[in-house]
Amino acid sequence: MSERDSDGDGDDESDADVLVLRRGTHGVPVEQYAAAIRERLPDRTVRLARTPAEEREAIRNAQYVTGMTLEEDLLEGAEHLEVFACAYAGTGHLPMDRLEERGVTVTNASGVHGPNIGEHVLGAILHFTRRFHVAERRQRRREWRHYQAHELAESTVTIVGLGAIGQAVAERLEPFDVETVGVRYTPEKGGPTDEVIGFEGDAFDDALARTDYLVLACPLTETTRGLVDREEFVTIDPEAVLVNVARGPVVDTDALVEALRGNQIRGASLDVTDPEPLPEEHPLWNFGNVQITPHNAGHTPKYYDRLANIVAENARRFDEGGSGAEFENQVSFSS
-6 MSERDSDGDG DDESDADVLV LRRGTHGVPV EQYAAAIRER LPDRTVRLAR TPAEEREAIR
54 NAQYVTGMTL EEDLLEGAEH LEVFACAYAG TGHLPMDRLE ERGVTVTNAS GVHGPNIGEH
114 VLGAILHFTR RFHVAERRQR RREWRHYQAH ELAESTVTIV GLGAIGQAVA ERLEPFDVET
174 VGVRYTPEKG GPTDEVIGFE GDAFDDALAR TDYLVLACPL TETTRGLVDR EEFVTIDPEA
234 VLVNVARGPV VDTDALVEAL RGNQIRGASL DVTDPEPLPE EHPLWNFGNV QITPHNAGHT
294 PKYYDRLANI VAENARRFDE GGSGAEFENQ VSFSS
């Protein structure tokens, strides 16, 4: 990378060191993302392509590009692309096969959401532990009437997925005197939970049978799609609460509705649903023991700053070692 003016207003912007694509996230202007990268790379040119035409023109010669998504037709016009820094933790929406064929290195935003989603999950668990949803209903009715609640201490919390988000959840549960079970593809790696199990065999079902709070914080894969279906709702303790901050299809929605109607679980906190957005007429809206947030757990005012830390550091590594450098959050195409 060459050292050029980093204000994004130079005549030779098509050769920017870092190209930022125009799509933002969480309703926060993408200009803030570009500004955060510029702040961390004051000696490099960071260009924000703000229109489709600017994207098509700028990506032609770009080597290091970052954005929320990369459409395949835009990728085809990227003649010199070497690194795409995805601004989401998940990369399933990207044309990964084509990126691999082109030899493009892909990184993601893993770790950016850990603190805020960890807080979201903890809030959801406490919401159902102290039954704030019951209090809210009685407050709306101006009804002063006591109700029974629960204690979190000595509960068992099973966390499916021990990536950055799952680890953040486990860390925030430490002061609450709970037993934690972590579920991951490679349980031999261990983790921050009291027990770590895999998806194979009977271990997962055994954990469900003693779980008070089931937290889904895993990526959507062939293994996790439909992971919680009718059989799991039969196995799980009927006093258990489901918290899903993963992806909607990890849970069989029809099975969830049946479980709620049949009192097979105590409640559910859903930040993601299947389908999504949840249609207005969907029955999940009408359950008093279901908390729905509109895929909002990932929102944090620090999102772009945390992401820019990763992207800027990888830009420096690219400057020093090219596409063969060791990048933070590099995505494996074989996973």
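Take the sequence shown: its letters are residues -6 to 328, numbered as in our numbering. Glycine is no exception: its CB is placed at the ideal position from the N, C-alpha and C atoms. All of these numbers come straight from a predicted model, not from anything done at the bench.
* Classification of residue 279 by the beta-carbon crowding that lies within 10 angstroms, buried from 16 upward -> Its Cβ having fewer than 16 others within 10 Å, residue 279 is exposed.
* **Close-in-space but distant-in-sequence residues of the same chain around residue 9 (CB under 6 Å, 5 per side omitted)** => 38 and 40
* Let me know if residue -4 comes out buried or exposed under the rule of 16 or more other beta-carbons within 10 Å of its beta-carbon. => Bear in mind that the predicted position of residue -4 carries a pLDDT of just 39, short of 50, making it unreliable; the figure below should be weighed with that in mind. Residue -4 should be labelled exposed.
* Asked: From 259, 62 and 264, pick the residue whose C-alpha is nearest to that of residue 86; which is it?
  -> 62
* Asked: Would residue 80 pass as a contact of residue 26 if the rule is Cβ separation under 9 Å?
  -> yes
* residue 320 and residue 92 closer than 9 Å at C-beta -> Not a contact, by the Cβ cut-off of 9 Å.
* Heavy atom of the ligand FMN less than 8 Å from the Cβ of residue 85, yes or no? -> Ligands displayed in this structure: none; no statement on the ligand FMN is therefore possible.
* Asked: Does the pairing of the region 57 to 76 with the region 277 to 291 give three or more beta-carbon distances under 8 Å?
  -> no
* Nearest-angstrom Cα separation, counted from residue 244 out to residue 89 -> 25 Å
* **Unbroken beta strand (DSSP E) run spanning residue 175, endpoints** => 172 to 176
* Could you pull the start and end residues of the alpha helix (DSSP H) that residue 226 belongs to? => 223 to 228
* Asked: Taking the beta strand (DSSP E) that residue 78 falls in, what are its first and last residues?
  -> 76 to 79
* Give me whichever residues DSSP pairs with residue 59 in a beta bridge. => 13 and 78
* **Beta-carbon spacing of residue 118, residue 301 below 9 Å** => no
* To do: Give the DSSP bridge partners of residue 40, in chain order.
  => 12
* Where residue 296 and residue 102 are concerned, what is the direct C-alpha to C-alpha distance, given to the nearest angstrom? -> 10 Å
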